[in-house]
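Asks: Before I ask anything, here is the structure I am working with.
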Amino acid sequence: MDFFDMRDGGFTLIEMLISISIISLISGVVFFNFPRLNQDVLLNRAARELTLALREAQSRAVAVSPLESGKFPSNYGISIQKNNAELVLFSDGADGSVENTKYDASGQPEECIGECVKKFTFTHGILPSQLIFAGVPCSTNPCTMNVLFYRPDPRMSVSDDSGCVSGDCGGSGVFGPFSIEVSQPNSAEGSNKRIIEVWLTGQISIR
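Under my numbering, the first residue of the sequence shown carries the number 35, and numbering increases by one thereafter.
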């Protein structure tokens, strides 16, 4: 028997070094890209949360859901303010005021009274960094987009701080898209973002 031809089933030194090199390379790539991957996850989640908030307002309106007061409102909507992490689910005119297609805040900023029904808050520094009305970015400060769903018909309207901008409430007649960009403006990872598009047909999508 030739002693030098005998070989155990384990790794040789060269095979082990190659394996360690491959593992190190893969780990380096993963760790290098982790901040961007983490941001992608956070932005995807924020976009889904905003989409679900819009769907909740739509569902409440179509189902004619009552308010806590027992009143059955004619609408539900979401108010989104540029560079503000807080979203408001509201009912226009729920406090007895005149319906004007937009959210009229009441009380202190931390309170949810008057037209306010519920609040959502983005986390991890994510904000609605731009609001786009049928292809036209908002240039005012503050800038707000109010998306309203009405009952009993599946009808929508979109308004800004000055009032209605969509055809369903006497505006310009455009059907969309009305877009909300969400991003992490203070992140070192750059201008990565997600865009939520809303059409007056009721379609809501993320891209």
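By construction, the Cβ of each residue, glycine as well, lies at the ideal position given by its N, Cα and C atoms. Quick caveat: nothing in here was measured; it's all calculated off a predicted structure.
Extract the residue ranges of the beta strand (DSSP E) inside the stretch 43–131, only unbroken runs of 3 or more that lie entirely within it.
Replies: Complete beta strand (DSSP E) runs here, min 3: 109–115, 120–124.
Asks: Whose CA, out of Asp194, Val232, Leu234, lies closest to the CA of lysine 116?
Replies: Closest by alpha carbon: Asp194.
Asks: Which same chain residues end up closer than 8 Å to cysteine 172 when comparing Cβ atoms and leaving out the 5 residues on each side of it in sequence?
Replies: Contacts found: Lys116, Gln164, Leu165, Ile166, Met179, Asp194.
Asks: Excluding the 5 residues preceding and the 5 following glutamate 83 in the sequence, name in chain order all residues of the same chain whose CB lies nearer than 8 Å to its CB.
Replies: These residues qualify, in order along the chain: Phe154, Phe156.
Asks: For leucine 71, count neighbouring Cβ atoms within 10 angstroms of its own Cβ and tell me buried if that reaches 16, exposed if not.
Replies: Exposed: under 16 other Cβ atoms inside 10 Å.
Asks: Restricting to Cα atoms, I'd like to know which of Ser196, Val181, Leu182, Leu161 is closest to threonine 174.
Replies: That would be Ser196, whose Cα lies nearest to the Cα of threonine 174.
Asks: Let me confirm a value: isoleucine 114 is counted as buried when at least 16 other C-beta atoms fall within 10 Å, else exposed. Which label applies?
Replies: It counts as buried.
Asks: Starting from isoleucine 214, trace the beta strand (DSSP E) in both directions and tell me its first and last residue.
Replies: First-last of the beta strand (DSSP E) with isoleucine 214: 212–217.
Asks: Quick check: the Cα distance between leucine 59 and methionine 50, rounded to an integer number of angstroms?
Replies: Roughly 14 Å between the two C-alpha positions.
Asks: Could you check if proline 107 is buried or exposed, using at least 16 other CB atoms within 10 Å of its CB as the buried criterion?
Replies: So proline 107 counts as buried.
Asks: Can you tell me which of the three DSSP states glutamate 231 falls into?
Replies: Reduced to three states, the DSSP call for glutamate 231 is strand.
Asks: Between threonine 135 and the rest of its own chain, which residues show a CB-CB distance below 7 Å, the 5 nearest in sequence each way excluded?
Replies: Closer than 7 Å at Cβ, skipping near neighbours: Asp126, Asn180, Leu182, Ser191, Ser193, Gly197, Cys198, Cys203.
Asks: Determine the closest residue to alanine 250 out of Ala168, Arg189, Thr235, with distance taken between C-alpha atoms.
Replies: Nothing about residue 250 can be read from this structure; the chain reaches only from 35 to 241.
Asks: Go to isoleucine 240, then tell me how far its beta strand (DSSP E) extends in each direction, as first and last residue.
Replies: Counting along the chain, the beta strand (DSSP E) containing isoleucine 240 begins and ends at 238–240.
Asks: Taking C-alpha atoms, which residue in Ala128, Leu76, Arg89, Asp74 lies nearest to tryptophan 233?
Replies: When each option's Cα is compared against that of tryptophan 233, the closest is Arg89.
Asks: Does the beta-carbon of glutamine 218 have 16 or more other beta-carbons within 10 angstroms, so that it is buried, or is it exposed?
Replies: Glutamine 218 should be labelled buried.
Asks: Can you find a heavy atom of the ligand NAP that lies under 7 Å from the Cβ of proline 171?
Replies: With respect to the ligand NAP, the structure offers nothing, as it holds no ligand at all.
Asks: Can you give the beta carbon distance from leucine 77 to arginine 228, rounded, assuming they're within the 8 Å contact cut?
Replies: Right, the Cβ-Cβ distance comes to about 5 Å (below 8 Å), so this counts as a contact.
Asks: So, helix, strand or coil for valine 170, using DSSP?
Replies: It is a strand residue.
Asks: How would you call isoleucine 147, buried or exposed, if buried means at least 16 neighbouring beta carbons within 10 angstroms?
Replies: By the neighbour-count rule (16 or more Cβ atoms within 10 Å), isoleucine 147 is not buried but exposed.
Asks: Helix, strand or coil: how does DSSP classify asparagine 180 here?
Replies: Strand, per DSSP.
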